[in-house]
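See below for the structure under consideration.
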Amino acid sequence: QKGEAVGATNSELNEKLLKEQQLQQRRHELWMRNRRRLLSGLFVCYVGASVGIPALKMVSVSCTGGFFWEDHLPFFGLFGVTKIAELALYTFDPTLHGDPSFLDFMLKFLPSFLGYVDGYTDATSIVIAHSCDESPVAQNLAVWMFGTYFTGVVVAQWLVVSYLAMKDDTHACVMKLIHMDALASCVSLSGDSQSTWYIVNMVRTFGEDIPQAIQQTLFLIFVKQNYFMIASVVVSVASSVKALHDAIHRAAIAAGAKLHESDDKWVLVFRQTVPFLWPEQTWSLNPDNPSEDNFAILDKLEDFRDSDGVFTFKLQWPQDNCEVQIWKQTSNP
22 QKGEAVGATN
32 SELNEKLLKE
42 QQLQQRRHEL
52 WMRNRRRLLS
62 GLFVCYVGAS
72 VGIPALKMVS
82 VSCTGGFFWE
92 DHLPFFGLFG
102 VTKIAELALY
112 TFDPTLHGDP
122 SFLDFMLKFL
132 PSFLGYVDGY
142 TDATSIVIAH
152 SCDESPVAQN
162 LAVWMFGTYF
172 TGVVVAQWLV
182 VSYLAMKDDT
192 HACVMKLIHM
202 DALASCVSLS
212 GDSQSTWYIV
222 NMVRTFGEDI
232 PQAIQQTLFL
242 IFVKQNYFMI
252 ASVVVSVASS
262 VKALHDAIHR
272 AAIAAGAKLH
282 ESDDKWVLVF
292 RQTVPFLWPE
302 QTWSLNPDNP
312 SEDNFAILDK
322 LEDFRDSDGV
332 FTFKLQWPQD
342 NCEVQIWKQT
352 SNP
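Quick note on numbering: the sequence shown equals residues 22 to 354 in this note's numbering.
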């Protein structure tokens, strides 16, 4: 009878823990869905403002003066909303585990301003060039600028790359598309996410920044100087340099995240903390937050094979004095 009582108590405890785990998982999934909706909405607004405002205001644009300053207010209002949303997510998002220093955060946050306005300034430059009716060179440049913008930005970035980014469960690539660079740095990338991240930055550099900078420079040399177009060239060049840097130097792990106290070459793939009971057939748990007490990205193990196709694992018990186990294997798991 004593054994039956203990068994019943353990069964009740297990059931309670399972319910808590399920509730935690539902909350996590709800948060991630809502975050995706927010990022998707900001992306749609960004695309609409970048091309819609220049198109609507093109009748009042002059070759020398460009746009009226008040024409830009809606875009910069959206810019402010986006950056406030980035700061809010950085402050309140429980799934972020990156903890960059203040300097590292600002070095990503402030330069992202240039990237955000780049798509908009490129679109306005096309409209300004088109407004120079008396210059055949300007008209030809406007056609070429529109062609590269349509293929390199609208099709390549906002259609093809955005489709890939929306499939990224970490949301880091969507953040990058709307230039939430500081926030994206706080998210760890999976193998597929890293590939998409690289594509995002390469397409931006060679599909948008470099062609637009060259064409706008030709306008300034052979047509006439326009201060807004000069600013657009500067922004394009700065964005191109930054995109290349981001593509080459972005690590998979989030900025400031600490997966191991003394050796950052190890990437955490699994953690279980008692009294948590691991659910059957659960390969992924809290995948965006390695700092959680219970964590798994076992569905991503194939991303961690070395050049010889071998896994190197390390098993440790942080609160016990048990010897750390390190071994190699080829099977998964």
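Even glycine gets a Cβ: it sits at the ideal position worked out from N, Cα and C.
Check: Please report how far the alpha carbon of L180 lies from the alpha carbon of T217, in whole angstroms.; Outcome: 13 Å
Check: For I149, report the span of its alpha helix (DSSP H) as first-last.; Outcome: 133 to 151
Check: Between S253 and T226, is the Cβ-Cβ spacing less than 8 Å?; Outcome: no
Check: Taking just the CA atoms, how far does E33 sit from E344?; Outcome: 34 Å
Check: Am I right that T145 and F240 are in contact with their C-beta atoms under 8 Å? What's the rounded C-beta distance?; Outcome: No, T145 and F240 are not in contact; Cβ-Cβ is about 12 Å, not under 8 Å.
Check: Just how far apart, CA to CA, sit W165 and D143?; Outcome: 12 Å
Check: Between the C-alpha atoms of H281 and M187, what's the straight-line distance to the nearest angstrom?; Outcome: Unreliable placement is indicated for H281, whose pLDDT of 42 sits below 50; the coordinate value is still reported in the next sentence. Cα to Cα, H281 sits roughly 30 Å from M187.
Check: How would you label N369, buried or exposed, when you count the other beta carbons within 10 angstroms and need 16 or more for buried?; Outcome: Because the chain is modelled from 22 through 354, residue 369 falls outside the range shown and cannot be assessed.
Check: Can you say whether F88 is buried or exposed, counting buried as having 16 or more other CB atoms within 10 angstroms of its CB?; Outcome: buried
Check: For W287, which of helix, strand or coil comes out of DSSP?; Outcome: coil
Check: Do G173 and P232 have their C-beta atoms within less than 8 Å of each other?; Outcome: yes
Check: Would I149 be called buried (16 or more neighbouring beta carbons within 10 Å of its own) or exposed?; Outcome: buried
Check: From the DSSP output, in three-state form, read off I235 for me.; Outcome: helix
Check: What does the alpha-carbon distance come out to for the pair F297 and N315?; Outcome: 8 Å
Check: Only counting the same chain, and skipping five residues up and downstream in sequence, which positions put a Cβ closer than 6 Å to that of K23?; Outcome: Only weak support is given to the placement of K23: the predicted model assigns it a pLDDT of 42, under 50, and the value that follows is read from those uncertain coordinates. Closer than 6 Å at the Cβ level, and outside the excluded window around K23, lies no residue.
Check: Tell me which same chain residues have a C-beta within less than 6 Å of the C-beta of Y111, skipping the five on either side of it?; Outcome: L204
Check: Quick one: residues in its chain with C-beta nearer than 7 Å to the C-beta of E107, no 5 flanking neighbours on either side, listed in chain order?; Outcome: M201, A203, L204
Check: Assess contact between the segment 93 to 103 and the segment 69 to 76, defined as three or more Cβ pairs (one per stretch) separated by less than 8 Å. Is contact present?; Outcome: yes
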